[in-house]
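Under full-length UniProt numbering, the first residue of the sequence shown is numbered 1, with each subsequent residue one higher. Think of the CB as a built atom: it goes at the ideal place given N, C-alpha and C, for glycine as much as any other residue.
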Amino acid sequence: MKTHYKIAVLPGDGIGKEVIPEGLRVVKAAAQRFGIALELVEFDWASCDYYAQTGSMMPDNWKELLLPMDAIYFGAVGWPAIVADHISLWGSLLKFRREFDQYINLRPAQTFAGVRSPLAGRTAGDIDMLIVRENTEGEYSSVGGIMYEGTENEVVMQQSIFSRRGTERVMKFAFELAKTRARKHVTVATKSNGISISMPWWDARASEVASAYPDISWDKQHIDILCARFVLSPERFDVVVASNLFGDILSDLGPACTGTIGLAPSANLNPERRFPSLFEPVHGSAPDIYGKNIANPVAAIWSGAMMLDFLTNSKGAGHEAHDAILAAIKAVLISGPHTPDLGGKASTTDVGKAIAERLLASN
Ligand code: ATP
Ligand code: MG
């Protein structure tokens, strides 16, 4: 068992540069308390500032630099005033996801005491789900093209690609995850009534994998009614597994139902650990609030907790560190300080410090 972990820190752009230092403050405090040895290596690339200086988002040897790392702790990328979003995204984050085979995008969504859910009457503990998004294939392929461009016969086509290996592994991940949960239920997002080839095939893979997990209950729901139920009865969901596109939509909708986007964390995982996994807040670089020290750092801090948990395979010190960070987050969400998105007046730094103090005080 490993006892020393190397972490690449990539704050990126905008509020990524404000929330990651607070995440590090809390991760370092937890590492100290639980005796986890971390080596943090910070890089200023995977950012639009780097692009402005060099004409690319990352150095040519980025892969060499990141491969020896146990994890990547990422802020946000995007500064449309300098670089178009599709260039900054495909030049950094999407390269990591694909080239490091981070085929799971895991996004928890939970309601907390002290944070008002936009759904009437929902309070702490009512919503507690894990969204598992397939992160490397599906609808987000670049296979396709435009024919007869500019004529009245113009046609555009873009393929969805589902591999047996890619689909089975994401289903297995979801069912394994459900084993660790109290409710032990998997919901499979589909659209096999309308998408007549790939989605019935996707359902069949779900059914095959499910048959190996007799203790896990499961159902499949069409994406349209599933979105409606996220809003109408979110408490019914436990683990939700979805294709790349459907998962993208659900993993914004789920956290939105719990309060502010400033709370939502995510993990881009290569579960076999052949490549480093990446942990990042769901939110983006938020140019509208950058530079004011008012961004909510909780999403970044919670992502850091998920990183510690993953590093130790959800066992021992890393798992305890994760739970202690989450407990400190919950306490501060109740007592404050709160950033303006939660109705408070506190700064990013105030909240980071309060969570770190709470973590060490509960020792
Ligand atoms: P992406 O880079 O994922 O496309 P985006 O451009 O869609 O992101 P964000 O950068 O996440 O959007 O910002 C969306 C809105 O949410 C903005 O008004 C922003 O100020 C707000 N927001 C995002 N993150 C936070 C945060 N951590 N704290 C407070 N407000 C936030
Ligand atoms: Mg953005």
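Per DSSP, the bridge partner or partners of residue 218: 186
Exposure of residue 342, with buried meaning 16 or more beta-carbon neighbours within 10 Å: buried
DSSP three-state assignment for residue 273, whether helix, strand or coil: coil
Top-ranked residue by Cα proximity to residue 289, from 340, 336, 245: 340
Residue from 231, 232, 237, 233 with nearest C-alpha to residue 220: 237
Candidates 307, 361, 344, 354, of which the one nearest residue 72 by Cα: 307
Given residue 195 as reference, the closest of 292, 246, 216, 331 once Cα atoms are compared: 246
CB-CB length for residue 283 against residue 264, believed under 8 Å: 7 Å
Buried versus exposed call for residue 164 [16 or more other C-beta atoms within 10 Å across all chains shown]: exposed
Closer than 7 Å: residue 338 CB and nearest the ligand ATP heavy atom: no
Assigned exposure category for residue 13 - 16 Cβ within 10 Å defines buried: buried
Unbroken stretches of the alpha helix (DSSP H), 4 residues or longer, contained in the segment 233 to 282: 244 to 256
Contact under 8 Å by Cβ, residue 139 with residue 268: no
heavy atom of the ligand ATP below 7 Å from residue 283 C-beta: yes
Inter-residue CB distance, residue 202 and residue 167 (contact presumed, cutoff 8 Å): 6 Å
Contact check, residue 186 vs residue 143, beta carbons under 8 Å: no
Minimum C-alpha distance to residue 252 - residue among 235, 125, 230, 277: 230
Simplified DSSP state of residue 6, which is helix, strand or coil: strand
Rounded C-alpha distance that separates residue 57 from residue 88: 7 Å
Cβ-Cβ distance between residue 287 and residue 76 below 8 Å: no
Residue 330 beta carbon less than 8 Å from that of residue 112: yes
Minimum C-alpha distance to residue 95 - residue among 160, 60, 338: 60
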